[in-house]
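Heads up: the protein sequence lines correspond to chains A and B, in order. For the first sequence, counting from 1, position 237 maps to 236 in numbering that gives the first Met the number 0; every step adds exactly one. For the second sequence, counting from 1, position 132 maps to 131 in numbering that gives the first Met the number 0; every step adds exactly one. For every residue, glycine included, the Cβ atom is placed at its ideal position computed from N, Cα and C.
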Amino acid sequence: MAAITPQRRVGWLSANFVVIALALIPVLWLVSLSLKTPTAVLDPSFIPSQWTWGNYSGILTSSQFLRPLLNSIGIGLISTIVAVGLASMAAYAIARLQFPGKGVLIGMALLIAMFPLIALVTPLFTIERALGLFNTWPGLIIPYIAFGLPLGIYILSAFFREIPWELEKAAKVDGATPFQAFIRVIAPLAAPGMVTTAILVFLACWNDFILAISFTSTIASRTAPAAMEYFSGGSVFTVPTGPISAAAVVITIPIIIFVLFFQRRIVAGLTSGAVKG
Amino acid sequence: MSTTTPAVTTKPTPAHAAKKGKPQLSEGARAERRLGFMLIAPAVIVMLAVAAYPIVYAVYLSLQRYNLALPQNKAFIGFANYAAVLSSQYWWQALWVTLIITVFSVAITLVLGMLLAMVLHRTLFGRGTVRTTSLIPYGIVTVAAAYSWQYAWTPSQGYLSAAFNNAAPLTNQVQAIIVIIIAEIWKTTPFMGLLLLAGLSLIPEDLQNAAKVDGATGWQRFVKITLPLMKPAILVALLFRTLDSFRIFDTIFILTAGNNGTGSVSILGYNNLFNALNLGIGSTISILIFICVAIIAVIYILGFGTAAPGSDIGKR
Numbered sequence: 000m001a002a003i004t005p006q007r008r009v010g011w012l013s014a015n016f017v018v019i020a021l022a023l024i025p026v027l028w029l030v031s032l033s034l035k036t037p038t039a040v041l042d043p044s045f046i047p048s049q050w051t052w053g054n055y056s057g058i059l060t061s062s063q064f065l066r067p068l069l070n071s072i073g074i075g076l077i078s079t080i081v082a083v084g085l086a087s088m089a090a091y092a093i094a095r096l097q098f099p100g101k102g103v104l105i106g107m108a109l110l111i112a113m114f115p116l117i118a119l120v121t122p123l124f125t126i127e128r129a130l131g132l133f134n135t136w137p138g139l140i141i142p143y144i145a146f147g148l149p150l151g152i153y154i155l156s157a158f159f160r161e162i163p164w165e166l167e168k169a170a171k172v173d174g175a176t177p178f179q180a181f182i183r184v185i186a187p188l189a190a191p192g193m194v195t196t197a198i199l200v201f202l203a204c205w206n207d208f209i210l211a212i213s214f215t216s217t218i219a220s221r222t223a224p225a226a227m228e229y230f231s232g233g234s235v236f237t238v239p240t241g242p243i244s245a246a247a248v249v250i251t252i253p254i255i256i257f258v259l260f261f262q263r264r265i266v267a268g269l270t271s272g273a274v275k276g
Numbered sequence: 000m001s002t003t004t005p006a007v008t009t010k011p012t013p014a015h016a017a018k019k020g021k022p023q024l025s026e027g028a029r030a031e032r033r034l035g036f037m038l039i040a041p042a043v044i045v046m047l048a049v050a051a052y053p054i055v056y057a058v059y060l061s062l063q064r065y066n067l068a069l070p071q072n073k074a075f076i077g078f079a080n081y082a083a084v085l086s087s088q089y090w091w092q093a094l095w096v097t098l099i100i101t102v103f104s105v106a107i108t109l110v111l112g113m114l115l116a117m118v119l120h121r122t123l124f125g126r127g128t129v130r131t132t133s134l135i136p137y138g139i140v141t142v143a144a145a146y147s148w149q150y151a152w153t154p155s156q157g158y159l160s161a162a163f164n165n166a167a168p169l170t171n172q173v174q175a176i177i178v179i180i181i182a183e184i185w186k187t188t189p190f191m192g193l194l195l196l197a198g199l200s201l202i203p204e205d206l207q208n209a210a211k212v213d214g215a216t217g218w219q220r221f222v223k224i225t226l227p228l229m230k231p232a233i234l235v236a237l238l239f240r241t242l243d244s245f246r247i248f249d250t251i252f253i254l255t256a257g258n259n260g261t262g263s264v265s266i267l268g269y270n271n272l273f274n275a276l277n278l279g280i281g282s283t284i285s286i287l288i289f290i291c292v293a294i295i296a297v298i299y300i301l302g303f304g305t306a307a308p309g310s311d312i313g314k315r
């Protein structure tokens, strides 16, 4: 690059500043609202005029939020583990084995990744009610697995292609059993791709709203984003702004920390498959 | 669960493989095929069960008169549901709202995403911090972000409403759609920026420098070198963003619940199922949305040519 003039330095710094400010303001607004007392909520300033932890203690002692939070974590983890497991098998086959129909499989995965979810809500709702899956954990886990799979297959097959599989043979020549060769050589190489995929699939499950409000009816299986809708204020006439903001912060902050911590992996995963998480 | 995720080793694939196999296939190649089919079988079965079968079932339901409130009136009525939906102003209004949101949010996101990608690519100071911070909108739960926008635009409570003279944009059709588009742009620009950044970093630096030596201005270099070389990355990003934007639901559901003529086709489908309990009409809307998405995908894939996603798999 050419010499860096002071104007250029100022230009880039202000561009950086604008990006950071735009990304953060709506998040800081939620944090601010969650710390405001019910009267301070009525004041549009960014800095709360009266502070309280009451919104947090309120939602964190209420089963109306804790149970859905538990549902979100449980449903998200189970869906992620199963989806990554099944996607790994399929991606291994695509990357390593010769068999007809690979193109069809990838095409099918892409098609499902682009599916308008609402188009499935009506028929799945009917099917889930008939099978007794409505308002149960499996009722959400099964669709989440199905929509995690295309993402997983796409990203993992790209990752698996880049693993130097000859190393496995080399390890066997050196006297390793096939199992040892897999565990000691291949698994550590495959792990980063699987972690990336797991993060993106989990984010997609954690984020889902349309399936969560369509296939649940009580806190037995309702997930956290869907439960916020049902919060109530101090009286019928108060909008529960504070508690909803606190809940939004609680379900968002861990994800933000998570995203920041794994940012390299996430960027690699998003751009390898070019598939939306 | 047991019906959709069977054990790996059971089930139908070997017969399938044997039938398709050519006679001169060696034993090893045949075994490899069999293993391949066995490994993909569970994933294929789950995807077929949850995505393909319901679409077929939705076609069947869309040809029925079927209201959950009046189940005894269920009957085959041919294409009457389609006639009802396609002659209803609610469908056309929802489709227009969806198309407007999609076109504006995707177009603006493309421009802003390109700017973000340039900042991330070229900035010399604090690149890590900017990249990290710009991932926040991507990571935040859509519903949580939607609540932030809703409260920001609530008159006498929100900072944005206060900044615009106590405006109440969410009660007005055009203004509410603008707010929805802004929320959508904020949430999705980082994703667009990252995809474009991946394309941008593939452009050889020499090419840019050579053009600079030949006296090309920054804008000329952008139009003549950067854009053409980034075409595949741009098309992939646009395809995913367009299809994703077309199914917009969460943001509208929280911001306006589709009131004042701001509902998207997804909101219309949802309301038909859960407020009107009309499975026939709801399925008809599902099928029509599916057809719209297929049309969008086909238009893009024709535009892609050889750059279609999936065709690059072999190159990796």
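Query, Result
"Are A/I255 and B/G138 closer than 8 Å when you measure CB to CB?", "yes"
"What residue from A/G73, A/G192, A/L21 has the CA that sits closest to A/E161's CA?", "A/G192"
"Looking at chain B, which residues of the segment 5-33 of chain A have a Cβ within less than 8 Å of any of its Cβ atoms?", "R8, W11, L12, A14, N15, V18, I19, L21, A22, L23, P25, V26, W28, L29, L32"
"Beta-carbon within less than 8 Å of B/S155's beta-carbon, same chain only, minus the 5 sequence neighbours each way: which residues are those?", "A161, N165"
"Tell me whether B/A215 sits in a helix, a strand or coil according to DSSP, three-state version.", "coil"
"Does the Cβ of B/A121 have 16 or more other Cβ atoms within 10 Å, making it buried, or fewer, making it exposed?", "The displayed chain sequence assigns Arg, not Ala, to residue 121 of chain B. Exposed, by the Cβ-count rule."
"Could you name the residues of chain A that B/E31 contacts, counting a contact when the two beta carbons are closer than 8 Å?", "L96, Q97, F98"
"What distance in whole Å lies between the Cβ atoms of B/L278 and B/Y65, which are believed to be in contact at a cut-off of 8 Å?", "4 Å"
"Quick check: the Cα distance between B/S104 and A/P253, rounded to an integer number of angstroms?", "28 Å"
"Can you grab the Cα-Cα spacing for the pair A/G53 / A/S71, in whole Å?", "23 Å"
"To which residues does DSSP link B/Y75 through a beta bridge?", "The question names Tyr, but residue 75 of chain B is Phe in the sequence shown. Note: B/F75 sits in a beta bridge opposite B/Q63."
"For the segment 25-57 of chain A, list the alpha helix (DSSP H) runs that are entirely contained and at least 4 residues long, ordered along the chain.", "none"
"Using a cut-off of 7 Å between C-beta atoms, extract the partners of B/R326 located in chain A.", "No answer is possible for residue 326 of chain B: the residues shown for chain B start at 0 and end at 315."
"May I ask you to list the residues that DSSP assigns as paired with B/N387?", "Nothing about residue 387 of chain B can be read from this structure; chain B reaches only from 0 to 315."
"Anything in chain A within Cβ reach of B/G268, meaning under 8 Å, just list it in chain order.", "I117, A118, V120, T121"
"So, are the CB atoms of A/I265 and B/V129 less than 8 Å apart?", "no"
"What does the Cβ neighbour count give for B/T216, buried or exposed, with the cut at 16 atoms within 10 Å?", "exposed"
"Once you ignore the five residues that flank B/L196 on each side, which residues in its own chain have a CB closer than 7 Å to its CB?", "A116, L119, H120"
"Rounding to the nearest angstrom, what Cα-Cα distance links B/Q207 and B/I224 in this structure?", "7 Å"
"Which residues of the segment 140-156 of chain A have a Cβ closer than 9 Å to any Cβ of chain B? Give them in chain order.", "I140, I141, P142, I144, A145, F146, L148, P149, G151, I152, Y153, S156"
"Looking at chain B, is there any beta carbon in it that lies within less than 8 Å of the beta carbon of A/A189?", "no"
"List, in order along the chain, the chain B residues whose C-beta lies closer than 7 Å to that of A/A89?", "L38, I39, A42"
"Compare the C-beta of A/N206 against all C-beta atoms of chain B and say whether one is closer than 8 Å.", "yes"
"Check each candidate in B/K73, B/I253, B/L134 and name the one with the smallest Cα separation from B/V142.", "B/I253"
"Under the assumption that A/M227 contacts A/A247 (Cβ atoms under 8 Å), give the Cβ distance between them as a whole number of angstroms.", "7 Å"
"So, B/A167 versus B/T250, is the Cβ gap smaller than 8 Å?", "no"
"Under a Cβ-count criterion, where at least 16 other Cβ atoms within 10 Å of its own Cβ denotes burial, should A/N206 be classed as buried or exposed?", "buried"
"From the DSSP output, in three-state form, read off A/T4 for me.", "coil"
"Inspect the CB distances between the segment 294-304 of chain B and the segment 269-283 of chain B and report whether three or more fall short of 8 Å.", "no"
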